[in-house]
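First residue of the sequence shown: 16, per this note's numbering; consecutive thereafter.
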Amino acid sequence: MKRYFLYVLECSDSSLYTGITTDLDRRLSEHNTSNKKGSKYTRSRRPVEIVSAKIFKDRSEASKAESRFKKLSRKQKLEELKEW
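Pasting the structure below:
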């Protein structure tokens, strides 16, 4: 059974980036090195590092949590991260 991670990155400009993946190490590497597989947003904000991650049982639950998290203000995101 695959595990899905909702992850939050902090970019070099202190901005936050949120995504989902099944492999945190691979995804972090893609964000920091790949021009094709990393996100366009993080490409110009390297290096990035993982601030936190949360495990979900399926892609649907992870996607719903990602959508909710992305709607929060930066202040709210930082508060929620303290609870992870």
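Backbone N, C-alpha and C fix where the C-beta goes; we use that ideal spot for every residue, glycine too.
{"Asked": "Beta-carbon separation (whole angstroms), Tyr-56 vs Thr-37, contact threshold 8 Å", "Found": "Contact doesn't hold; Cβ gap of about 20 Å is too wide."}
{"Asked": "Residue(s) in a DSSP beta bridge with Ala-68", "Found": "Tyr-22"}
{"Asked": "From Ile-35, Leu-96, Leu-24, residue whose alpha carbon lies closest to that of Ala-77", "Found": "Ile-35"}
{"Asked": "Short CB-CB distance (under 9 Å) between Asp-38 and chain D", "Found": "The chain labelled as chain D is not found in the depicted structure, where only one protein chain is given."}
{"Asked": "Rounded straight-line distance, which links the Cα of Glu-81 to that of Lys-92", "Found": "11 Å"}
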